[in-house]
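Input: a single structure, listed below in structure tokens.
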Amino acid sequence: MLPILLCAILSPVIHAHTHREQQPLQPDLNRLVDVVDVSTEPWTSKYGAQIDLGYTGPLSFSHLPYTRCLDDGAALFDIGILGMPFDTATSYRPGARFGPFAIRSGSRRQSARGYTLTWGTSPYDLGAAFLDCGDIPLSATDNAKAIDQMEAAYSTLLARPVRGGVTSAYKSRTAAFAKDGKEHPRLITLGGDHTIVLPILRSLNKVYGPVSVIHFDAHLDTWAPPAGAQGQERITHGSFFSIAADEHLMTNTSIHAGIRCKMTGPQDIAHDDTVGFQVISTDDIDDYGIARVIEKIRQRIGDSPVYLSLDIDVVDPGLAPATGTPEAGGWTTREVKRILRGLAGLNFVGADIVEVAPAYDNADITGIAAADIVHDFMAMLQLDEPPLPHVTLGPDTGDSPRILFSVRCKLRYANGRTDVGKSIRRPLSSLHENLAECNDSGMIAYRKSQRCCVELKISETGERGRLV
Ligand SMILES: [Mn+2]
Numbered sequence: 007m008l009p010i011l012l013c014a015i016l017s018p019v020i021h022a023h024t025h026r027e028q029q030p031l032q033p034d035l036n037r038l039v040d041v042v043d044v045s046t047e048p049w050t051s052k053y054g055a056q057i058d059l060g061y062t063g064p065l066s067f068s069h070l071p072y073t074r075c076l077d078d079g080a081a082l083f084d085i086g087i088l089g090m091p092f093d094t095a096t097s098y099r100p101g102a103r104f105g106p107f108a109i110r111s112g113s114r115r116q117s118a119r120g121y122t123l124t125w126g127t128s129p130y131d132l133g134a135a136f137l138d139c140g141d142i143p144l145s146a147t148d149n150a151k152a153i154d155q156m157e158a159a160y161s162t163l164l165a166r167p168v169r170g171g172v173t174s175a176y177k178s179r180t181a182a183f184a185k186d187g188k189e190h191p192r193l194i195t196l197g198g199d200h201t202i203v204l205p206i207l208r209s210l211n212k213v214y215g216p217v218s219v220i221h222f223d224a225h226l227d228t229w230a231p232p233a234g235a236q237g238q239e240r241i242t243h244g245s246f247f248s249i250a251a252d253e254h255l256m257t258n259t260s261i262h263a264g265i266r267c268k269m270t271g272p273q274d275i276a277h278d279d280t281v282g283f284q285v286i287s288t289d290d291i292d293d294y295g296i297a298r299v300i301e302k303i304r305q306r307i308g309d310s311p312v313y314l315s316l317d318i319d320v321v322d323p324g325l326a327p328a329t330g331t332p333e334a335g336g337w338t339t340r341e342v343k344r345i346l347r348g349l350a351g352l353n354f355v356g357a358d359i360v361e362v363a364p365a366y367d368n369a370d371i372t373g374i375a376a377a378d379i380v381h382d383f384m385a386m387l388q389l390d391e392p393p394l395p396h397v398t399l400g401p402d403t404g405d406s407p408r409i410l411f412s413v414r415c416k417l418r419y420a421n422g423r424t425d426v427g428k429s430i431r432r433p434l435s436s437l438h439e440n441l442a443e444c445n446d447s448g449m450i451a452y453r454k455s456q457r458c459c460v461e462l463k464i465s466e467t468g469e470r471g472r473l474v
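Residue numbers (our numbering): 7 to 474.
Spelled out as structure tokens, the structure:
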């Protein structure tokens, strides 16, 4: 009797160590049923499962399933979250090794309830299987070893088969660009100082060849290695792009966004050009506006496979103080998030957020901002085009603001051909009038004209109008 009882007691433990597929961070009550029938116990019978609240439970990004992917060949994913706790190549304030912890901590109020008005969707409804893959155990004293560890880990996970989605909304995103023609997982990396991008680009190069880079940062990070530096000392969080260019890891169609650092002189920009970058400065957002900034980035990148790297110091230090090399006068978090939304549909092969150093934080403000930006990455990596504005307030025409709907129409011609039309804006009242002319389903209506049939889709609440 004793061996049987012992086996029953140990079975959950054995199970946990031998069968490590994606396990949600919720208790699996069936696992314990042979030992104790919890369903009859006071807690479960009265209150149900012991769920994790926003501020409770073990720490994974956004309460996603968490596993140590490098140890776990059964854990398949389409988009993985991976921590790189490395901060020993910084020039000023160290501490970004705690970045992955701070970003996960900042994400605790996030969950599968991810719908936002700005995206008009939730990243968890777009098909991809997410998994928090944990952190790479990096050497904190040998940079050459740590950089090799990052490349080995990233390459390992890039070579894993994809999960292939959790819903029918899933779409192949990388097979068209991979040298082997296969779909590869994509990783959102939590840094770490900015040096981590060098081993990431080395890994990506093996799968995709050279890629373009969209680089959000207050600093160029394309500086030549420090004068007189030899060997490993050449690789810092300010020189890694220069090293990457020497290794032909990037195309010459990369672009910076948010630059405002002090330089040695115009020669820094001349060198930056040789590394393959164009510059969008912090002030360009005032002079040209958000839409033009987005347009310039999209024009520069075109159809090439692209990697996005975001240094949290692109955000003003008043809104994100916890970083290694703060620079006054930066973009707001809202502005950065708006630009990111405008980049959806580019051919992203991965993304990161770096330089979060929480020892310098106040009220977790930087970790929360970084986690929110990761939420944007999760949608940005899955959509074919930027979302339409929720509603646009037109010019003041009197007693109340004129509410305009931005809509994009799919034209259906009589011969069956379809065509995607330009985005147009209509007053809310006009849409309601059009609806009244159409069928009364309330959700989908058809408005016939001589040339085509326009399909209107209005959300249940009527808050978002969209021609589909
Ligand atoms: Mn940087």
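Cβ coordinates follow ideal geometry from the N, Cα and C atoms, glycine included. Remember, it's a predicted structure, so these values are computed and weren't measured experimentally.
Between Ile291 and Trp337 the beta-carbon gap is near 6 Å, inside 8 Å, which marks them as a contact. Counting of Cβ neighbours within 10 angstroms places Tyr72 among the buried residues, the total reaching 16 or more. Contact fails between the segment 79-87 and the segment 345-352, because fewer than three Cβ pairs, one in each stretch, are under 8 Å apart. Judged by DSSP secondary structure, Asn149 falls within the alpha helix (DSSP H) whose first and last residues are Asn149 to Leu164.
With a beta-carbon spacing of about 5 Å, Thr195 and Leu88 fall inside the 8 Å limit used to define contacts.
Gly351 places its beta carbon less than 7 Å from that of Glu391.
Ranking Arg298, Ala146, Gly244 and Arg103 by CA distance to the CA of Ala233 puts Gly244 first. Here Arg192 carries a strand assignment [DSSP, helix/strand/coil].
For Met90, the enclosing beta strand (DSSP E) starts and ends at Ile85 to Met90. Apart from sequence neighbours up to five positions away, the residues of its chain that approach Ser248 with a beta-carbon distance below 6 Å are Thr228, Ala230 and Val281, ordered along the chain. When the beta-carbon positions are compared, Gln305 and Leu132 stay at least 7 Å from each other.
Counting along the chain, Pro272 sits inside the alpha helix (DSSP H) bounded by residues Pro272 to Val281. By a beta-carbon distance limit of 8 Å, Asp58 does not contact Pro106. Their separation comes to about 19 Å. Taking 3 residues as the shortest admissible run, the segment 222-293 contains the following complete beta strand (DSSP E) segments, listed from N- to C-terminal end: 260-265 and 283-287. Annotation for Asp278 indicates a beta carbon at 6 Å or more from all heavy atoms of ligand 1. A residue is called buried when at least 16 other Cβ atoms come within 10 angstroms of its Cβ; Arg103 meets this threshold and is buried. DSSP, read as helix, strand or coil, puts Thr339 in helix. Here Pro311 is near Tyr214, since their CB atoms are less than 7 Å apart. The straight-line gap separating the alpha-carbon atoms of Val360 and Ala108 is approximately 11 Å. In this chain, the alpha helix (DSSP H) harbouring Leu204 covers Val203 to Tyr214.
Relative to the Cα of Thr259, the nearest Cα in the group Ala146, Asp278 and Ile241 belongs to Asp278.
Our two residues, Leu123 and Thr339, have alpha carbons roughly 16 Å apart in a direct line. In the structure shown, Phe104 adopts helical secondary structure according to DSSP, grouped into three states. Rounded to whole angstroms, the gap between the alpha carbons of Leu394 and Gly126 is 8 Å.
Pairing His221 with Cys267 gives a Cβ-Cβ distance that is not under 7 Å. Here Gly308 is actually not in contact with Arg192; their C-beta atoms are around 19 Å apart, not less than 8 Å.
Set against 6 Å, the gap from the CB of His69 to the closest heavy atom of ligand 1 is not smaller. For Ser45, the three-state secondary structure derived from DSSP is helix. Per the coordinates, the alpha-carbon of Gly197 lies some 20 Å from the alpha-carbon of Ala385. Look at which beta carbons fall closer than 7 Å to any heavy atom of ligand 1; those residues are His200, Asp223, His225, Asp227, His243, Asp317, Asp319, Val360 and Glu361. Only residues of its own chain outside the window of five on either side were considered, and among them Pro205 have a CB closer than 6 Å to the CB of Ile153, listed in chain order.
In the DSSP assignment, the residues bridged to Ile220 are Ile261 and Leu314. According to DSSP, Gly356 shares a beta bridge with Tyr313.
Excluding sequence positions up to five before and after Gly60, its CB lies within less than 6 Å of the CB of Arg114 and Arg115, all in the same chain and listed in chain order. Between His262 and Ile296 the beta-carbon gap is near 16 Å, outside 8 Å, which marks them as no contact. The C-alpha of Lys177 is placed about 18 Å away from the C-alpha of Asp382.
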